[in-house]
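Taken in order, the sequence shown gives residues 1 to 391; the numbers are from my numbering.
Even glycine gets a Cβ: it sits at the ideal position worked out from N, Cα and C.
In this text, all values refer to a predicted model and were calculated from it rather than measured experimentally.
Notes for the one structure printed next.
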Amino acid sequence: MNTGIALLAFAYVLSQFFRAFLAVLSPFLATDIGATPEDLAFASGLWFLTFAAIQPPVGWALDTIGPRRTAAVLLLIGGGGGAAVFAMAIAPAHVAIAMALIGIGCAPVLMASYYIFALDHPPARFAFLAALMVGVGTLGNIVASYPTTIAAETVGWRASLWGLAAISCGTAIGIWFAVRDPVKEPTEQKGSFAEVLRIRALWFIFPLLLVSYAEVGALRGLWIGPYLTEVFHAEPRLIGQATLAMGIAMVIGPMAYSPLDRIFNTRKWVVFVGSAGILLSTIGMLLLIDTDVMWIIILMCAVGFFGSTYPALMAHGRSLLPRHLVGRGVTVLNLCSVGGVGIAQVLSGRIHSAYSKQELVALPYTMILLFFAVLVTIGLILYLFSTDTKP
């Protein structure tokens with residue numbers, strides 16, 4: 001792994017951190033600026049929605065000016081600037097603005113590396129490299145758990161955010177100087193997003209991309225903290241330990257998936273079985289919704305592990321893209337995945353708000369998990385009609 005790819009991997013660690021750390025900071029933000037679970041659901045959803053909304057311009061930029069400038073400029077302005085805004089927040093609205101900026105800053109990081117992998121490496125290696133990048137990047141989920149709790153308790157969450165702003169800016173500058181853009185092959189074809197959407201084989205992949213990471217992102221990035229606090233009266237340290245455990249499962253998951261397409265000579269069925277694991281784990285949580293905190297944490301870890309199908313789904317979609325559509329194609333696929341998380345987080349926040357005034361304290365979380373179970377079921381049914389491709 002060269003220096004440029006290593007810096008993109010570290011930037012993706014930051015991206016994973018930023019999408020997950022609100023769950024751990026929720027007790028501190030509630031005390032200091034009065035942020036409610038619904039406020040944080042909205043702010044977290046904005047991260048994903050702005051991340052998704054900027055994917056088309058990112059795809060155009062990757063194909064036009066290359067991954068080096070695309071990733072460096074957006075991470076510097078959005079990532080560094082957004083973290084600084086967060087550090088100065090005195091109201092929940094400021095957190096929402098900061099998360100929107102950070103979402104823009106993180107948007108090109110993974111796609112820049114995927115673009116380089118797609119053009120500089122054989123297609124058969126894409127799934128492994130994509131999983132490796134996600135596995136390394138998901139270390140951000142671990143840092144966004146117990147270590148963040150310790151940092152917030154020790155130096156305060158504002159000082160922690162100022163440190164993250166400096167790290168984001170430094171990483172962006174490093175990407176500018178270290179990343180090398182792939183050499184383009186001359187082609188008369190000019191790709192467009194409409195051309196990507198005309199590839200019918202992708203139509204049955206899009207729905208599962210929309211929903212497969214939505215539950216993982218929502219639980220790990222948002223609801224694990226309020227759920228354990230309200231239903232089981234968990235202390236911040238237990239929340240940090242639970243998010244750490246789920247984060248570790250999300251690191252192991254992509255690496256476990258990475259060789260399976262070559263072992264079983266199928267992309268489709270690896271994804272289908274893994275996604276079925278998400279559904280079964282969610283049903284288990286619904287059955288044990290307020291009975292045993294340790295079993296709930298174990299099942300959340302199972303959701304994190306089985307829900308690590310993103311690299312395998314991206315490899316499935318990438319295998320259907322011609323070379324001249326790689327930049328736009330992978331960003332459309334990523335838009336589905338991240339956009340699905342953003343929409344799901346906003347909707348799950350509304351579900352929580354609608355049922356939070358009931359006497360049963362676990363009811364909001366029952367309805368949220370039921371919502372995700374229905375989404376995953378629909379995605380799985382539609383994915384059955386997708387075209388399998390061999391690695």
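- Shown here, asparagine 141 sits in a helix according to DSSP, grouped into three states.
- Distance from threonine 243 to alanine 89 at the Cβ level is roughly 21 Å; contact not present, criterion being Cβ atoms closer than 8 Å.
- Restricting attention to Ile102, Val211, Leu325, the CA atom closest to the CA of valine 196 is found in Leu325.
- Rounded to the nearest whole angstrom, the CA to CA distance from tyrosine 365 to leucine 222 is 12 Å.
- Listed in chain order, the alpha helix (DSSP H) runs fully inside the region 32 to 90 are 37 to 53, 55 to 64, 67 to 74, 81 to 87, counting runs of at least 4 residues.
- In the displayed model, arginine 180 falls within coil according to three-state DSSP, outside both helix and strand.
- With 16 or more neighbouring CB atoms inside 10 Å of its own CB, serine 212 falls in the buried class.
- With a threshold of 16 other beta carbon atoms within 10 Å, arginine 237 falls short and is exposed.
- Going by beta carbons, leucine 382 and phenylalanine 204 fall inside the 7 Å limit.
- The beta carbon of threonine 149 sits closer than 6 Å to the beta carbons of Val24, Pro236, Gly240 from its chain, once the five residues preceding and following it are set aside; these are given in chain order.
- Shortest Cα-Cα distance from phenylalanine 305 to any of Ala11, Cys169, Ile167, Val216 involves Val216.
- If the five residues before and after valine 58 are omitted, its C-beta is found closer than 7 Å to the C-beta atoms of Thr70, Ala107, Pro108, Met111, Thr331, all from its own chain and listed in chain order.
- Bounds of the alpha helix (DSSP H) holding glycine 4 are 3 to 20.
- Annotation: phenylalanine 128 to proline 259 spans about 7 Å, alpha carbon to alpha carbon.
- Three or more Cβ pairs drawn from the region 250 to 257 and the region 124 to 142 lie within less than 8 Å of each other, which places the two stretches in contact.
- Aspartate 292 and leucine 228 have their C-alpha atoms roughly 11 Å apart.
- Taking C-beta atoms under 8 Å as the contact rule, aspartate 120 and proline 182 qualify, at a distance of about 5 Å.
- Non-local beta-carbon contacts of leucine 219 in its own chain, meaning distances under 7 Å to residues more than five positions away in sequence, involve Met300, Val303 in chain order.
- Looking only at Gly79, Ala344, Ile263, the smallest Cα-Cα distance to valine 13 is reached by Gly79.
- Put simply, of Tyr310, Ala249, Pro322, Ser192 the residue whose alpha carbon is nearest the alpha carbon of alanine 61 is Ser192.
- Between threonine 282 and alanine 373, the gap from beta carbon to beta carbon is short of 7 Å.
- The three-state reading of DSSP puts histidine 233 in coil, since its state is none of H, G, I, E or B.
- Excluding sequence positions up to five before and after leucine 369, its CB lies within less than 6 Å of the CB of Thr282, Met285, Leu286, all in the same chain and listed in chain order.
- Taking C-beta atoms as the reference points, alanine 91 and alanine 165 fail to come closer than 7 Å.
- With a cutoff of 7 Å on beta-carbon distance, alanine 11 and threonine 171 are scored as near each other.
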